[in-house]
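Numbering of the sequence shown is given in my numbering, commencing with residue 32 and proceeding in unit increments.
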Amino acid sequence: MQNQPAILGGEPTRPAGIPAWPIQEEDVRAAFESAFASGDWGRYHGTAVPALIQKVSEHVDCEFVTPCCSGTTAIELGLRGLNVKPGDEVIMSAYDFRGNFHAVLAVGAIPMLVDVRSDDFQISVEQVASAISDKTKAILASHLHGGGVEMPELRKLADQTDVGLLEDACQCSGTTVAGRPAGTWGDAGVWSFGGTKMMTSGQGGVVFTNNGQVNQRIRLVQNRHNIAYPLSELQATVLLPQLDLLSERNEKREAAREQIIASLQEYVWLRPIPMRVPDSTPGTYKIGFQFNQQENGLTRRQWVAAMRAEGVAFDVGFEALHQCHSRRRFQQLGSLDNADIAHQTVVCLHHPVLLNDDIELNLIYEAVARVRNSASEIRDAFESGDLKDVEQPNLQL
Ligand SMILES: *Cc1c(COP(=O)(O)O)cnc(C)c1O
Numbered sequence: 032m033q034n035q036p037a038i039l040g041g042e043p044t045r046p047a048g049i050p051a052w053p054i055q056e057e058d059v060r061a062a063f064e065s066a067f068a069s070g071d072w073g074r075y076h077g078t079a080v081p082a083l084i085q086k087v088s089e090h091v092d093c094e095f096v097t098p099c100c101s102g103t104t105a106i107e108l109g110l111r112g113l114n115v116k117p118g119d120e121v122i123m124s125a126y127d128f129r130g131n132f133h134a135v136l137a138v139g140a141i142p143m144l145v146d147v148r149s150d151d152f153q154i155s156v157e158q159v160a161s162a163i164s165d166k167t168k169a170i171l172a173s174h175l176h177g178g179g180v181e182m183p184e185l186r187k188l189a190d191q192t193d194v195g196l197l198e199d200a201c202q203c204s205g206t207t208v209a210g211r212p213a214g215t216w217g218d219a220g221v222w223s224f225g226g227t228k229m230m231t232s233g234q235g236g237v238v239f240t241n242n243g244q245v246n247q248r249i250r251l252v253q254n255r256h257n258i259a260y261p262l263s264e265l266q267a268t269v270l271l272p273q274l275d276l277l278s279e280r281n282e283k284r285e286a287a288r289e290q291i292i293a294s295l296q297e298y299v300w301l302r303p304i305p306m307r308v309p310d311s312t313p314g315t316y317k318i319g320f321q322f323n324q325q326e327n328g329l330t331r332r333q334w335v336a337a338m339r340a341e342g343v344a345f346d347v348g349f350e351a352l353h354q355c356h357s358r359r360r361f362q363q364l365g366s367l368d369n370a371d372i373a374h375q376t377v378v379c380l381h382h383p384v385l386l387n388d389d390i391e392l393n394l395i396y397e398a399v400a401r402v403r404n405s406a407s408e409i410r411d412a413f414e415s416g417d418l419k420d421v422e423q424p425n426l427q428l
């Protein structure tokens, strides 16, 4: 029974199960202890928040850095920094993080959804160009699932049309896009420090810019005598050592990503989302793949359930924004066909396993192979009702 898949009762390929996040880091423990010793953990002001601002500023080479309470809030602050006002249109991908849609609504603006490219599911610059009108105030571009948006072209378009550009680098903090730190092609860029992200304080985010006017507007919202959407001293304390490790960790994750993708090459029904932008390093927050149900035999959700039972953290991707919101809340350009395909086919491998050793990485291949070899039995078990086709918890992160 050694090759019985875990979902049918076999021993999981990774008996330790889905790897935990965050990992226990000695430097983080030391940071906790020093904040405890100084008492800064319980104060409005200390040394950690200013130190974090300084370090992020150096990391992304931006003059103005505003930490805040989440990546979603950072997006909202960024939109306000771009002077987006009620009634304005913000062009964004129909396949994006759901919180971004709500951040646009939160400032009273209207999301103008455009389609993604067919090969890598990133926002299409041609579609953005077609969607620009005199109502457009800003473009919101997110690098997703290890792919990248063509930022040099988008930057040119934004300059020619005098439209603001906000760059969401929450899934690729610390990487390079077209030769620049991810987030710095935009008039403002954003990272998240949410609980599943590469650098985490449970909640948290940051918005950065080199544009003094954009920064001025962000400050007006954030500094109301007190700070409106704060990141605390305690949060900054645990982020500092993680920022020191970020580049090294990103390199390690990227090498692991390549190794996994290479090992899965024979499986044409699991096509990795490519990084198409030259001179870029792919984000490794979630490694995206396009899953072909016809060629695999299992439905996407059945396959994800089987992989999770093996201890491998695959999830289904985002829901396309036009599929899960009322038509009254957005505008759209054309029929969004590629976003529909992304909505139906994307699966993502969560990053914690990427810091594990080669043996653990090889187990991912073994788990994929094992589920593949038992696809018809697994499908039969679902179809006969022995297994419930449960909705996977989709955290939409
Ligand atoms: C995680 C994430 C955010 C922001 O997340 P928060 O949980 O609010 O910090 C924004 N955009 C993308 C693409 C993300 O993955």
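Glycine included, C-beta positions come from ideal geometry on N, C-alpha and C.
Separation of residue j from residue i, as counted between CA atoms
i: Ser-405; j: Val-147; result: 34 Å
i: Val-384; j: Ser-204; result: 18 Å
i: Arg-410; j: Ile-154; result: 34 Å
i: Gln-375; j: Ser-407; result: 21 Å
i: Pro-50; j: Gly-342; result: 8 Å
i: Trp-10; j: Thr-268; result: One cannot answer for residue 10 here, as it falls past the ends of the chain, which runs 32 to 428.
i: Asn-369; j: Ala-125; result: 9 Å
i: Leu-394; j: Asn-257; result: 50 Å
i: Phe-322; j: Phe-63; result: 42 Å
i: Pro-272; j: Ala-287; result: 22 Å
i: Lys-317; j: Gly-226; result: 14 Å
i: Met-8; j: Ile-170; result: What the structure shows of the chain is the stretch from 32 to 428, and residue 8 is not part of that stretch, so it cannot be assessed.
i: Val-194; j: Glu-350; result: 27 Å
i: Arg-250; j: Leu-175; result: 28 Å
i: Leu-83; j: Thr-231; result: 13 Å
i: Gln-296; j: Glu-289; result: 11 Å
i: Trp-222; j: Gln-266; result: 14 Å
i: Gly-235; j: Pro-98; result: 8 Å
Three-state secondary structure assigned by DSSP to residue i
i: Arg-284; result: helix
i: Phe-349; result: coil
i: Leu-295; result: coil
i: Lys-168; result: strand
i: Leu-277; result: helix
i: Val-180; result: coil
i: Leu-144; result: strand
i: Asn-425; result: Confidence at Asn-425 is low in this model, with a pLDDT of 49, below 50, so its placement is unreliable and the value that follows should be read with caution. In the structure shown, Asn-425 sits in coil (DSSP, three-state: anything other than H, G, I, E or B).
i: Ser-149; result: coil
i: His-381; result: strand
i: Ser-69; result: helix
i: Phe-95; result: strand
i: Ile-154; result: strand
i: Glu-56; result: coil
i: Gln-290; result: helix
i: Leu-392; result: helix
i: Glu-404; result: The sequence as given places Asn at residue 404; Glu does not occur at that position. Looking at Asn-404 - three-state DSSP - the assignment turns out to be helix.
i: Thr-78; result: coil
Other residues of its chain near residue i: CB distance less than 7 Å, five sequence neighbours each side excluded
i: Val-245; result: Gly-112, Leu-113, Asp-218, Ala-219
i: Gln-35; result: Gly-41
i: Thr-78; result: Asp-71
Beta-carbon proximity list for residue i, same chain, < 8 Å, skipping 5 on both sides
i: His-133; result: Thr-103
i: Lys-168; result: Leu-113, Asn-114, Val-115, Lys-116, Asp-119, Glu-120, Val-121, Ala-140, Val-194, Gly-195
Bridge-paired residues (DSSP) for residue i
i: Ser-173; result: Asp-199
i: Cys-100; result: Beta-bridge pairing links Cys-100 to no other residue.
i: Val-138; result: According to DSSP, which records beta bridges pairwise, Val-138 is partnered with nothing at all.
i: Ser-124; result: Val-145
6 Å Cβ shell around residue i - same chain, five flanking residues per side excluded
i: Gly-179; result: Val-208, Met-306, Val-308, Ser-311
i: Gln-333; result: Phe-413
i: Phe-8; result: Given a span of 32 to 428 for the chain in the structure shown, any question on residue 8 remains unanswerable.
i: Asn-425; result: Its pLDDT being 49, under 50, Asn-425 is placed unreliably by the model, and nothing is read from it.
i: Leu-196; result: Ile-170, Ala-189, Gly-217, Asp-218
i: Met-143; result: Glu-120, Ile-122, Ala-162, Gln-362
CB contact check: residue i to chain B, cutoff 8 Å
i: Gln-362; result: In summary, chain B is missing from the structure at hand, where a single protein chain is found.
As an exercise, report each continuous beta strand (DSSP E) stretch of at least 3 residues that is fully enclosed by the region 183–261, in chain order. 195–199, 219–223, 236–240
Unbroken stretches of the alpha helix (DSSP H), 4 residues or longer, contained in the region 300–368: 324–327, 331–340
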